[in-house]
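First comes the structure, then the notes that go with it.
Number of protein chains: 2
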Amino acid sequence: MTEPRWLDDDEKAAWIAFLSATNLVNRKLEQQLKDDAGLSHTQYEVLVQLNAAPDGALRMTELADRLVTSKSGLTYQITQLERAGLVSRRSCPSDVRGVFADITDQGREMLRSAAPGHVEAVRQALIDVLTPEQLTHIAAGLGEVSRRLRTEARCPSQTAQDPQAAQGA
Amino acid sequence: MTEPRWLDDDEKAAWIAFLSATNLVNRKLEQQLKDDAGLSHTQYEVLVQLNAAPDGALRMTELADRLVTSKSGLTYQITQLERAGLVSRRSCPSDVRGVFADITDQGREMLRSAAPGHVEAVRQALIDVLTPEQLTHIAAGLGEVSRRLRTEARCPSQTAQDPQAAQGA
DNA sequence: ACTCCGTTGTTAAAATTTGAACCACCTGCC
DNA sequence: GGCAGGTGGTTCAAATTTTAACAACGGAGT
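Chains as they are written, first to last, in my numbering: chain A, 584 to 752; chain B, 584 to 752.
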């Protein structure tokens, strides 16, 4: 076995920055949402996704994929949101096993009231701290990172060992 | 109250990319470490920090700050690591209340064996996906983000409402 | 119609995280 | 010296996440 390709200084700097920024931003937003709206970040994201969906509804699995969470974890959170009256469950007509999560009017209302504070927090923690240039590069770079990990999760087939690809496409 | 400053398309793209990349990368690494070394990412980071520290030891609070975790969460994890023989506790000579977490030889050995696979995973998930330019901007941008959130957490005094600052300092 | 296999959500138990309450102990200041 | 106020770690209970079963179905091939 060969010597692993350790990270050089620039790479290490990027990795450390990514790790800590990630944790700190998450913690910050989690706290802001909990304080101002009584929601966890996950719950807030559920509402965002449902609100943006065609009929204010999405299948459980689809929602779990979008939130990058486990199915059972979603089941739990949807139950909490349902209990709070922000979401409701409805079984799928075409597939008896399927379940739709619907956002309720109260859910939309909650989102409307929580959004301003949340956006402001996102700006303070991340967006407004970055220069326009950094913003662009982060959108492109992390966008590509997400795309690959998502694809990879769906198709464990391709070896994905293509160094120079997609990126600039 | 004024209309909130919503995110424009570029900002939204950056935010969404950040959110999903963050979750996906975390999930990926968590799984890799668990599969290959039987450690959680948090535990791995504890070992990394201790291993890099002057005497292979750090105070609990200091460690908790670095890992961006709660004190009680760290207590739990250190107990697990201690049980696994990778870390040991030692009370602080100068402060009876204080506790040092020491990495053991076995802990260093574990780190040595887990590191190569972990670095490789970090490369595949994040580093090698980015262009050198993106890497640089991410290091700088997210570095600044971390710095601010950390400072803010330590000194809730400054209003921090200075739009054009630090960045290029 | 029927079997085999992959999917959909849920459930149960264990692991982890969070947050508040605590105790013991330092530190600056009278 | 002695006290008020803050620190450092732990503990406990409650909330959340993970993991591995599960039960009930769709769907394709025969």
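Quick reminder that beta carbons are idealized off the backbone N, C-alpha and C, glycines included.
Beta carbon proximity, residue i to chain B, threshold 9 angstroms
| i | result |
| --- | --- |
| A/N634 | no |
| A/Q626 | no |
| A/V755 | Residue 755 of chain A falls outside the range modelled here, since chain A spans only 584 to 752, and no answer is possible. |
| A/L641 | no |
| A/A698 | yes |
| A/R680 | no |
| A/D593 | yes |
Cross-chain neighbours of residue i in chain A, by beta carbon under 9 angstroms
| i | result |
| --- | --- |
| B/K617 | Chain A residues near B/K617: none, gap ~14 angstroms exceeds 9 angstroms. |
| B/P637 | Within 9 angstroms Cβ-Cβ: nothing; B/P637 doesn't reach chain A, min ~18 angstroms. |
Within chain A, partners of residue i - CB distance below 7 angstroms
| i | result |
| --- | --- |
| B/V705 | W598 |
| B/S603 | V651 and S729 |
CB contact below 9 angstroms: residue i versus chain A
| i | result |
| --- | --- |
| B/R691 | no |
| B/R695 | no |
| B/E613 | no |
| B/R737 | no |
Own chain partners of residue i with C-beta closer than 8 angstroms, once the 5 adjacent residues on each side are dropped
| i | result |
| --- | --- |
| A/L633 | G639, A640, L641, L646, V670, A684, D685, I686 and G690 |
| B/A674 | Here the sequence assigns Ser to residue 674 of chain B, which means Ala is not the residue at that position. These residues qualify, in order along the chain: G681, V682 and F683. |
| A/E716 | none |
| A/R672 | I661, E665, V682, F683, A684 and D685 |
Separation of residue j from residue i, as counted between CA atoms
| i | j | result |
| --- | --- | --- |
| B/L766 | B/S729 | Because chain B is modelled from 584 through 752, residue 766 of chain B falls outside the range shown and cannot be assessed. |
| A/A604 | A/P676 | 43 angstroms |
| B/A697 | B/T719 | 27 angstroms |
| A/N609 | B/G656 | 16 angstroms |
| B/N606 | B/A635 | 26 angstroms |
| B/E692 | A/H701 | 44 angstroms |
| A/L732 | A/A722 | 15 angstroms |
| A/D678 | A/T625 | 27 angstroms |
| A/E703 | A/Q614 | 13 angstroms |
| B/I710 | B/R695 | 21 angstroms |
| B/L630 | A/G668 | 44 angstroms |
| A/R649 | B/K617 | 23 angstroms |
| B/G726 | A/F601 | 8 angstroms |
| A/D619 | B/T734 | 22 angstroms |
| A/P746 | B/T714 | Unreliable placement is indicated for A/P746, whose pLDDT of 42 sits below 50; the coordinate value is still reported in the next sentence. Taking the straight line joining both Cα atoms gives about 11 angstroms. |
Proximal residues of chain B, C-beta to C-beta of residue i below 8 angstroms
| i | result |
| --- | --- |
| A/E717 | In the sequence under discussion, the amino acid at residue 717 of chain A is Gln, which differs from the Glu named in the question. Correct list: H720, I721, A723 and G724. |
| A/A684 | Chain B residues near A/A684: none, gap ~19 angstroms exceeds 8 angstroms. |
Interface residues of chain B facing residue i [CB-CB closer than 7 angstroms]
| i | result |
| --- | --- |
| A/R610 | V651 |
| A/L622 | Going along chain B, no residue has its Cβ under 7 angstroms from A/L622, so there is no contact; the nearest lies around 16 angstroms. |
Chain A contact residues for residue i, given Cβ-Cβ distances below 8 angstroms
| i | result |
| --- | --- |
| B/L713 | A597, G724, E727 and V728 |
Sequence-distant residues of its chain with Cβ nearer than 6 angstroms to residue i (five each side left out)
| i | result |
| --- | --- |
| A/I599 | none |
| A/T658 | none |
| B/Y627 | L616 |
Closer than 8 angstroms: residue i CB and nearest the ligand ZN heavy atom
| i | result |
| --- | --- |
| A/D618 | No copy of the ligand ZN appears in this structure; indeed no ligand is present at all. |
Problem set entry | Residues within the region 644–675 of chain A neighbouring chain B, beta-carbon criterion of under 9 angstroms | R649, L650, V651 and T652
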